[in-house]
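These notes are about the structure you will find just below.
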Amino acid sequence: MQKYNLKKLATSGVADLIPYQPGLAAQQLMRQYQLTHVIKLASNENPLGPSPLVTERLQQISPQHIARYPESNANDLKNSLSDALSVSANHITIGNGSNEILEIIARALITEGDGITFSQYGFAVYPLIAQAMGARAHIAPAENFAHNSRALIEAIKPNTKIVFIANPNNPTGTWLHQDDLIQILERINKEVVVVMDEAYYDFVQVSGYPDSIALLKAYPNLVVVRTFSKAYGLAGLRVGYAIAHPELTDLFNRVRQPFNSNVFALIAAETALADQEHIAKSVQLVIQERDKITTALNALGLIVIPSIGNFVTVAFSKPGREIYEQLLQRGLILRPLDNYNMRDYLRISIGLPQENDTLLTVLSELKYQGMLSG
Ligand SMILES: *Cc1c(COP(=O)(O)O)cnc(C)c1O
144 MQKYNLKKLA TSGVADLIPY QPGLAAQQLM RQYQLTHVIK LASNENPLGP SPLVTERLQQ
204 ISPQHIARYP ESNANDLKNS LSDALSVSAN HITIGNGSNE ILEIIARALI TEGDGITFSQ
264 YGFAVYPLIA QAMGARAHIA PAENFAHNSR ALIEAIKPNT KIVFIANPNN PTGTWLHQDD
324 LIQILERINK EVVVVMDEAY YDFVQVSGYP DSIALLKAYP NLVVVRTFSK AYGLAGLRVG
384 YAIAHPELTD LFNRVRQPFN SNVFALIAAE TALADQEHIA KSVQLVIQER DKITTALNAL
444 GLIVIPSIGN FVTVAFSKPG REIYEQLLQR GLILRPLDNY NMRDYLRISI GLPQENDTLL
504 TVLSELKYQG MLSG
């Protein structure tokens, strides 16, 4: 009798695919070490959570509303975004998180053998999408961990269909200047789509950061991707969106599943968008705490990559995973970066002041015990 060989059924891309490694969940760690309290600074969520108006509004959703499919076209949320961003609704695609948006873009534009270009240390989802789709990944060398526009232009090959640029980049927190983005857009083939992944847009307070939505007019091959997972505090509900030329938006809509978002997520996003006071408060907290953490880590003799996001990446003189393990035992979850070939680094999401203080106290204890260096 013939034996099953189900593994062999995988496409060539999927055969060697290592799935995305999410940050360890707090519940998992509590069970593992029998801890009653865990501080998770590993996935760049908003430590204040969503606007209080969101939880209030979600409680009012009726059973009838839940029983019905969501509005496939997500008109209400699109209209709110349209007002907030001053782009017409036919530029907007709603996704189940912006990760789904990235995948929708790839599914609409990529076939096997096409190329996808991104930077070294670029967001881990880009190589996964490329591999799963059987696309070639063209990786541009980074400069001081940051995107380098010249290297990116050089890494755009004749088969490149998409360039993914996280701005600021996760996990490095580095960013691409508007002048560099324009240089890229000017130099490349007009049929290469440049995706600006702006997951941390709301935290940005530097001058020279691209006004990418304004650039859409001059560069219809540009796509801007944003999310409600970070500053808006809705990571658990999964809402992200793309802003693009209506012709590209139409292509994205063809591959989008008809009910890819859900009733709770759509209402939560709309409510969260309306409370800009909560966003301002969250951003202010993050920036203040990011400065505090950076200064304190420097005082411990650690080098921090300058970040404009709600996280910082710090260098140790030994494998970050060893420090990660020490911290786990003490109920703190950070993010190891081995999958980025940044073995000696850990990424720290900015948490509540008390959570950050606990981390800094534990790190100084580890330093005192000689456990921070190799
Ligand atoms: C967190 C993050 C996302 C957001 O993912 P969602 O699917 O919207 O939760 C997208 N891109 C980057 C670079 C990120 O860090």
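Using our numbering, you'd call the opening residue of the sequence shown number 144 and step up by one each time.
A virtual CB, placed ideally from N, CA and C, is assigned to each residue, including glycine.
Ignoring anything shorter than 4 residues, give me the alpha helix (DSSP H) runs that lie fully in the segment 314-386, in order along the chain.
321-330 and 355-358
Sufficient close CB pairs (3 or more, under 8 angstroms) joining the segment 444-463 to the segment 429-436:
yes
Can you find the residues in the same chain that come closer than 8 angstroms, C-beta to C-beta, to V268, ignoring five residues on each side of it along the sequence?
What you label residue 268 is simply residue 125 of the sequence shown in a count that begins at 1. So the list reads Y163, N242 and L245, once near-sequence residues are dropped.
Comparing alpha-carbon positions, which option in K333, G376, S372 and H320 lies nearest S350?
Along the sequence shown, read from residue 1 onward, the residue named residue 350 stands at position 207. Per the Cα distances, H320.
Measuring straight from C-alpha to C-alpha, what distance separates G265 and T438?
For the purposes of this step, residue 265 is taken as the residue at position 122 of the sequence shown. For the purposes of this step, residue 438 is taken as the residue at position 295 of the sequence shown. Cα-Cα distance, rounded: 26 angstroms.
Please list the segments of the beta strand (DSSP E) lying wholly inside the segment 164-247, counting only runs of 3 or more residues, in order along the chain.
235-238
Would you list the residues sitting across from R478 in a DSSP beta bridge?
Counted from its first residue, the sequence shown places residue 478 at position 335. Per DSSP, R490.
In angstroms with no decimal places, state the Cα-to-Cα distance between A385 and N218.
Here residue 385 is taken as the residue at index 242 of the sequence shown, counted from 1. Here residue 218 is taken as the residue at index 75 of the sequence shown, counted from 1. Their Cα atoms are separated by approximately 14 angstroms.
Could you name the residues of the same chain whose beta carbon sits closer than 8 angstroms to that of S186, not counting the 5 residues immediately before and after it, in chain order?
In the sequence shown, the residue the question calls residue 186 occupies position 43. Answer for S186: P165, G166, A378, R478 and S492, listed in chain order.
Is G166 near ligand 1, in the sense that its beta carbon is under 8 angstroms from a heavy atom of that ligand?
Position 23 of the sequence shown, counted from the start, is the residue given in the question as residue 166. For ligand 1, not one heavy atom lies less than 8 angstroms from the Cβ of G166.
The alpha helix (DSSP H) spanning R433 covers which residue range?
As a working note, residue 433 is residue 290 in the sequence shown. Q419 to A442 is the span of the alpha helix (DSSP H), which, as asked, contains R433.
When DSSP builds the beta bridges, which residues end up paired with A283?
As a position in the sequence shown, residue 283 is number 140, starting the count at 1. Paired residues: S262.
Mind checking whether the beta-carbon of S450 lies closer than 8 angstroms to any heavy atom of ligand 1?
Taking the sequence shown and counting its residues from 1, one reaches residue 450 at position 307. No - ligand 1 has no heavy atom lying nearer than 8 angstroms to the Cβ of S450.
Segment limits, beta strand (DSSP E) that includes F307:
Counting from one through the sequence shown, the residue named residue 307 turns up at place 164. Element bounds for F307: T303 to A309.
Is F346 near ligand 1 - that is, is its Cβ less than 8 angstroms away from at least one heavy atom of it?
Residue 346 sits at position 203 when you count from the first residue of the sequence shown. No, Cβ of F346 sits at least 8 angstroms from all heavy atoms of ligand 1.
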